[in-house]
Amino acid sequence: MKTIFKVLAALLIICNCAYGQVKWEVDPAHTNVRFEVNHLGIAFVDGQFKKLEGSVETKSDKDFNGAKINFIIDVNSIDTRVEMRDNHLKSDDFFSAQKYPTMKLENAVLNGKDGNYTLTGDLTIRDITKKVTFTVKQNNGIITDPWGKTRAGFTATGRINRFDFGIQYADKLPTGVMAVAPEVELTINVELVKN
Numbered sequence: 590m591k592t593i594f595k596v597l598a599a600l601l602i603i604c605n606c607a608y609g610q611v612k613w614e615v616d617p618a619h620t621n622v623r624f625e626v627n628h629l630g631i632a633f634v635d636g637q638f639k640k641l642e643g644s645v646e647t648k649s650d651k652d653f654n655g656a657k658i659n660f661i662i663d664v665n666s667i668d669t670r671v672e673m674r675d676n677h678l679k680s681d682d683f684f685s686a687q688k689y690p691t692m693k694l695e696n697a698v699l700n701g702k703d704g705n706y707t708l709t710g711d712l713t714i715r716d717i718t719k720k721v722t723f724t725v726k727q728n729n730g731i732i733t734d735p736w737g738k739t740r741a742g743f744t745a746t747g748r749i750n751r752f753d754f755g756i757q758y759a760d761k762l763p764t765g766v767m768a769v770a771p772e773v774e775l776t777i778n779v780e781l782v783k784n
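When we follow my numbering, the leftmost residue of the sequence shown carries the number 590, and every step to the right adds one.
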């Protein structure tokens, strides 16, 4: 009987090692969330969120298929290079940053191979959560930096409709063209460091 327990305990240890999670942290100094939206039907305005944090868990330190991802973005870090516009975007017309200071991407999972992935997760903006999908490209594999740390870089792209998240600002030109288009293009450049 003792032998059976020993064998079971050894199997549990082996299974735990085989399915252990590798933890990665987002390097905020080398990560950004960029956006671009059509303005007046004739041009594009772009900007970024400068403060964010995030974590990634993988099954191994060599493959990101099945990775679990969570991000928190500081809405007040929005930067379009025009202070008046940034303040308007933080107002109730758009993000209502005082009431909803963060955006979150949670329960996100990366699926794919050979550096090409699809990311699906729950995006929350203004306390409204919707399922979103991004196309993700791994940039040049996994490297060891000059300081001995293991790093990986990714670029994710996707599109959301701001109306889906309660961002209802809807001024229009006399022609009916919206001052700010509903569709927002997102590009997320991420650099991860293995813990």
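For glycine and all other residues, C-beta sits at the position ideal for the given N, C-alpha and C. Note that the structure is a prediction, hence the values are computed from the model and not measured.
Query raised in the report: Using the C-alpha atoms, what's the distance from residue 778 back to residue 737?
Result: Taking the Cα positions, residue 737 is about 22 Å away from residue 778.
Query raised in the report: Closest by CA to residue 694, which one among 622, 783, 773?
Result: Nearest of 622, 783, 773 to residue 694, Cα basis: 622.
Query raised in the report: With distances taken from CA atoms, which of 654, 739, 713 is nearest residue 750?
Result: Considering only 654, 739, 713, the residue with the shortest C-alpha distance to residue 750 is 713.
Query raised in the report: By Cβ distance below 6 Å, which residues in the same chain neighbour residue 755 in space, the five residues on each side in sequence not counted?
Result: For residue 755, where only same-chain residues beyond five positions count, the Cβ hits under 6 Å are 715, 717.
Query raised in the report: So what's residue 768 in DSSP terms, helix, strand or just coil?
Result: It is coil, neither helix nor strand.
Query raised in the report: What's the gap between the Cα of residue 771 and the Cα of residue 752?
Result: Whole-angstrom Cα-Cα distance: 6 Å.
Query raised in the report: What is the rounded straight-line gap between the Cα of residue 710 and the Cα of residue 689?
Result: So the alpha carbons of these two residues sit roughly 19 Å apart.
Requested in this report: Would you mind sorting residue 768 into buried or exposed? The rule is 16 or more other CB atoms within 10 Å of its CB.
Outcome: By the Cβ-count criterion, residue 768 is exposed, with fewer than 16 other Cβ atoms from all chains shown falling within 10 Å of its own Cβ.
Query raised in the report: Quick one: is residue 647 buried, meaning 16 or more other Cβ sit within 10 Å of its Cβ, or exposed?
Result: It is buried - the Cβ of residue 647 has at least 16 other Cβ atoms within 10 Å.
Query raised in the report: Would you call the stretch 720-731 and the stretch 670-681 touching, i.e. three or more CB-CB distances under 8 Å?
Result: By the Cβ rule, the stretch 720-731 does not count as touching the stretch 670-681, because fewer than three pairs are nearer than 8 Å.
Query raised in the report: Would residue 632 be called buried (16 or more neighbouring beta carbons within 10 Å of its own) or exposed?
Result: Per the 10 Å Cβ criterion, exposed.
Query raised in the report: If we count the other Cβ atoms within 10 Å of its Cβ and call it buried at 16 or more, is residue 678 buried or exposed?
Result: That one is buried.
Query raised in the report: Can you list, in chain order, the stretches of the beta strand (DSSP E) that have 3 or more residues and sit fully within the stretch 640-666?
Result: You should have 641-647, 657-663.
Query raised in the report: Whose C-alpha, out of 773, 740, 766, is nearest the C-alpha of residue 614?
Result: For residue 614, the closest of 773, 740, 766 by C-alpha to C-alpha distance is 740.
Query - Collapsed DSSP secondary structure at residue 784 in the structure displayed - result: It is coil, neither helix nor strand.
Query - Contact belief for residue 702 with residue 666 at Cβ below 8 Å, rounded distance in angstroms - result: Not really, about 34 Å apart at Cβ, beyond 8 Å.
Requested in this report: Could you tell me which residues DSSP pairs with residue 697 in its beta bridges?
Outcome: Beta-bridge pairing links residue 697 to 658.
Query raised in the report: residue 734 by DSSP, collapsed to three states: which one?
Result: Of the three classes helix, strand and coil, the one that applies to residue 734 here is coil, per DSSP.
Query raised in the report: Within 10 angstroms of its Cβ, does residue 697 collect 16 or more other Cβ (buried), or is it exposed?
Result: With 16 or more other CB atoms across the displayed protein chains lying within 10 angstroms of its CB, residue 697 is buried.
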